[in-house]
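Data first, discussion second: the structure below is written as structure tokens.
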Amino acid sequence: MTDGQFAPTVHDDIELARKMLIGGEWVGAISGKTFPVYDPADGRVIVEVPAGDAADVDRAVAAARAAFAPGGPWRSMTPQARGKLIWKLADLVEQNAERLSMLDSIDSGKPINEMRFFDVPFSVDVLRYYAGWPTKITGDTIPISYPAASGGRFHAYTLKEPVGVVGAIVPWNLPLLMAIKKLAPALATGCTVVIKPAKQTPISIALLAWRCEGSFTLNIAVIGSNITGLKRTRIRPPTA
Amino acid sequence: MSAPLLHWIDGKAVPSAGGATRAGTNPSTGGPGAEVSLGTAADVDLAVRAAHGAAKGWRHTNSLDRGRVLAAISRRLLADLDELAAMESADTGKPLALSTAEIRGAAEYFEFYAALVNLPVGEVLDIQPNLHVYTLREPLGVVGVITPWNLPLNQAARACAPALAAGNTIVAKPAESTSRTTVALARIGSEEGLPPGVFNVVLGQGSEVGTAIVRHPLVRKVAFTGSVPVGQEIGRIAADRILPLTLELGGKSANIVFADADLEFAASEAVRAFTTNAGQVCSSGTRLLVQREIQERFTAAVVAATRKLRPGHEVGPMITRGQWETVQRYFRIAAEEGAVAEVGGGVPLDSELAAGFYVEPTVYSGVTNDMRIAREEIFGPVVVIIPFETEDEAVALANDSDFGLVGGVFTSDMSRAIRVAESIEAGQVYINSWSTQSVQMPFGGHKHSGYGREKGIEALNHYSHIKSISMRLTGR
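Chains as they are written, first to last, in full-length UniProt numbering: chain R, 1 to 240; chain V, 1 to 476.
Pasting the structure below:
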């Protein structure tokens, strides 16, 4: 990255992308490798980011799975509390609208007004919408007929349970919005998340993760890199 | 005539405690009709107690077993279709084809609700990890079903099928002039497996039997289809009892025809809308709002189509002498108000029809929306044509009514069709058709047309109430 390429505050935000957020810690790739993110407007390198591989995915998934453990703070949280967190995330995106707009504009090349007037406000709407859902996710009670016990009375019901660790693989065309569209419903239902942003556009997610971390602990493991191994190996749960 | 029709109470035919009967009248000939028992509060009490006694057993019958009985009733209604249709036509005077269609509809109600008995009845709510919280839909208990004479079996089935599916027991009171098919339904129900007391019928007059049902302390819900004044009277009693009601009352429904509509089809639908069942339908299209530039042409088409409908053939008689006189009173009111009868406006001169309660299908022009014939439900084959200039004016005219049951829109502009349909204050709106409805579609009114909904899955919500249960799993 060339000195003086960006204003100092933007420069600081970009610097966040040099690390991934996994299990509440900012870390580089285990291999120590990095790769460059280019500015599509002039071809210059914006920043070098960690080049994660399967080992980093294992680490992130293990962190997300640990955060999903029964009895842990995330699983014990009431739906109301989960909704409030997602609402707070919406506030954070709104408060950081200009910074997030600048970052997605820099690494995706899209005009900043597209971010200001579509991607960011839409992201806020998505978060606020899903913030209302945790208290409304219901199962059914069902009047069953059980032939082997005719005349018996039963209490039969269904539960909608979170699936567990969700992998969110995001493209480069609407970097922030596409990530939030996956993040918000996954959090609303009580899942934990591993995000892999596109290799072309990882910077805004790093800022989002940093702002979350600075305000409260969301159990999100963000892996901000190009995982070259991903195409060949499946994301698998960590070995115990 | 044969022996009088008896009540159906606790699985068997029962005469009135007081022994009174009523001689019927055949509306097509003015001659004698079916003689029915006239019940009193004592008969209602017997029936309600039977229904109350059967409530617990029926409620806790396996849901699929309840559904099987309803499905068997549906099949029997179709197997006995000819007999039931003949009975209905004799009592009401309506053409046999119409009775047949209505009884097929009654069978559909039982078929539809038979398959809904296993619908999830409540939700499991996530409050916090150590609580198991859920809701249940429970039957209300004894439901009173009070039905009118215009579609006797069909309307009884419309209320009874969802009420039974939801696990309630029933005391039904059909109109005294058209009681036979409702008693037949109760008998069929018993023969097909409804336990005694689940479905009871008490015959007689609304003022006596209907009132006793609404007042009875063991009755937990009343579904009433009929006139606004009787609905209001039931509502007053219900207010004292805090009794939930479904009221399906009258209508003065607007059918709006824009200049860009398929006018030939619109005219035929507009005529069907006010002449079906000789106009004795709550959902009749009795105010025809026509865009002024096509008023003359469209009126001519409606008049021509109306002239083809012959009383005694395509159009049956009024149900009773009283209803026949009511329609004729509105003919006089129309004349006094200065309306112009483009066709009809009197009774047919045909001597073969002289003894029956027939009136001519009638189209009035020269009508404004403030006239009585544009505001009051006549309940005969009578339509008023009112011109309008703009879409906004059409909507305003349609909504300038005490009623809000049905609306119609004929136009080739689909954006306008949806705009207007969503602007009409009514429970249902038909676009480029009239009364294209089915058992799946909820039905009911706004304003004086009533409240609550019949038909569809929605009806089950009006025959049950919800209970929330919260259970602690861990901790103290």
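Yeah, the Cβ is synthetic: ideal placement off N, Cα and C, and Gly gets one too.
Just so we're clear, the structure is a prediction, and the values are computed from it rather than from any experiment.
The alpha-carbon separation between PRO111 (chain R) and ALA97 (chain R) amounts to approximately 14 Å.
9 Å or more divides the Cβ of LEU218 (chain V) from the Cβ of GLY167 (chain V). Scanning V:ALA13, V:VAL14, V:GLY33, V:ALA223 for the CA closest to the CA of ILE319 (chain V) turns up V:GLY33. Judged by DSSP secondary structure, GLN428 (chain V) falls within the beta strand (DSSP E) whose first and last residues are 428–431. Look at SER16 (chain V) here: in three-state DSSP terms it is coil, with no helix or strand label. Within chain R, the residues whose beta carbon sits less than 7 Å from that of TYR134 (chain V) are THR141, TYR157, listed in sequence order.
Burial check for PRO147 (chain R): the Cβ neighbour count within 10 Å stays below 16, so the residue is exposed. Only buried fits LYS94 (chain V), as 16 or more other CB atoms lie within 10 angstroms of its CB. Under the 9 Å criterion on CB atoms, HIS446 (chain V) is classed as non-interfacial with respect to chain R. If you look at PRO50 (chain R), you'll find it isn't in any alpha helix (DSSP H); it sits in the beta strand (DSSP E) that goes 45–50. Close to PRO185 (chain R), with beta-carbon spacing below 8 Å, lies no residue of chain V; the smallest spacing is near 15 Å. Neighbours of THR138 (chain R) in chain V, taken as residues at a C-beta separation under 8 Å, are given in chain order as GLU123, VAL124, LEU125, ASP126. Proximity of ILE144 (chain R) to chain V, defined by a Cβ-Cβ separation below 9 Å, is satisfied. The DSSP-derived three-state label of THR61 (chain V) is coil. LEU177 (chain R) is positioned such that its CB atom lies closer than 9 Å to that of SER123 (chain R). ILE137 (chain R) carries a coil assignment under DSSP once its states are collapsed to helix, strand and coil. Bounds of the beta strand (DSSP E) holding GLN291 (chain V) are 285–291. In this structure, V:LEU249 is the residue among V:PRO120, V:LEU249, V:ALA278, V:ILE469 with its C-alpha nearest to the C-alpha of GLY427 (chain V). Under a 10 Å Cβ-count criterion, ILE466 (chain V) is classified as exposed, with fewer than 16 other Cβ atoms of the shown protein chains found around its own Cβ. Using a Cβ-Cβ cut-off of 9 Å, GLY151 (chain R) counts as an interface residue toward chain V, since at least one Cβ of chain V sits closer than that to its own. Boundaries of the alpha helix (DSSP H) harbouring ARG59 (chain R): 54–67, taken from the DSSP string.
Annotation for PHE298 (chain V): the continuous alpha helix (DSSP H) segment containing it runs 295–307. Considering only beta carbons, the part of the region 56–88 of chain R lying closer than 8 Å to chain V consists of ARG75, SER76, THR78, PRO79, in chain order. Contacts with chain V at 9 Å (Cβ-Cβ) do not include THR192 (chain R). Per DSSP, PHE388 (chain V) is one residue of the beta strand (DSSP E) stretching across 382–388. In this structure, DSSP gives GLY11 (chain V) a state outside helix and strand, which the three-state scheme calls coil. A check of alpha carbon separations from ILE378 (chain V) across V:ARG59, V:GLY204, V:CYS282, V:PHE110 identifies V:CYS282 as the nearest. Of all alpha-carbon atoms in R:VAL165, R:LEU16, R:VAL10, the one lying nearest the alpha-carbon of GLY28 (chain R) is that of R:LEU16.
Contact of ASP65 (chain V) with chain R by beta-carbon distance below 8 Å involves SER145, SER150. For a Cβ distance threshold of 7 Å, residue set ASP140, THR141, ILE142 of chain R lies close to PRO120 (chain V), ordered along the chain.
Residue burial annotation: SER284 (chain V) is buried, with at least 16 other C-beta atoms found within 10 angstroms of its C-beta.
Under the 8 Å Cβ criterion, the region 79–94 of chain V does not count as touching the region 118–128 of chain V, having fewer than three qualifying pairs.
Residue burial is scored here from C-beta neighbours: PRO70 (chain R) has fewer than 16 other C-beta atoms within 10 angstroms and is therefore classed as exposed. Within the region 42–70 of chain V, the residues whose Cβ lies closer than 7 Å to any Cβ of chain R are, in chain order, HIS60, ASN62, SER63, LEU64, ASP65.
Counted as a single uninterrupted DSSP element, the stretch harbouring LYS84 (chain R) is not any beta strand (DSSP E) but the alpha helix (DSSP H) occupying residues 79–95.
Sequence-distant partners of ALA223 (chain V) (beyond 5 residues in either direction) whose C-beta falls short of 6 Å from its own C-beta, in its chain, are VAL145, ALA159, THR246.
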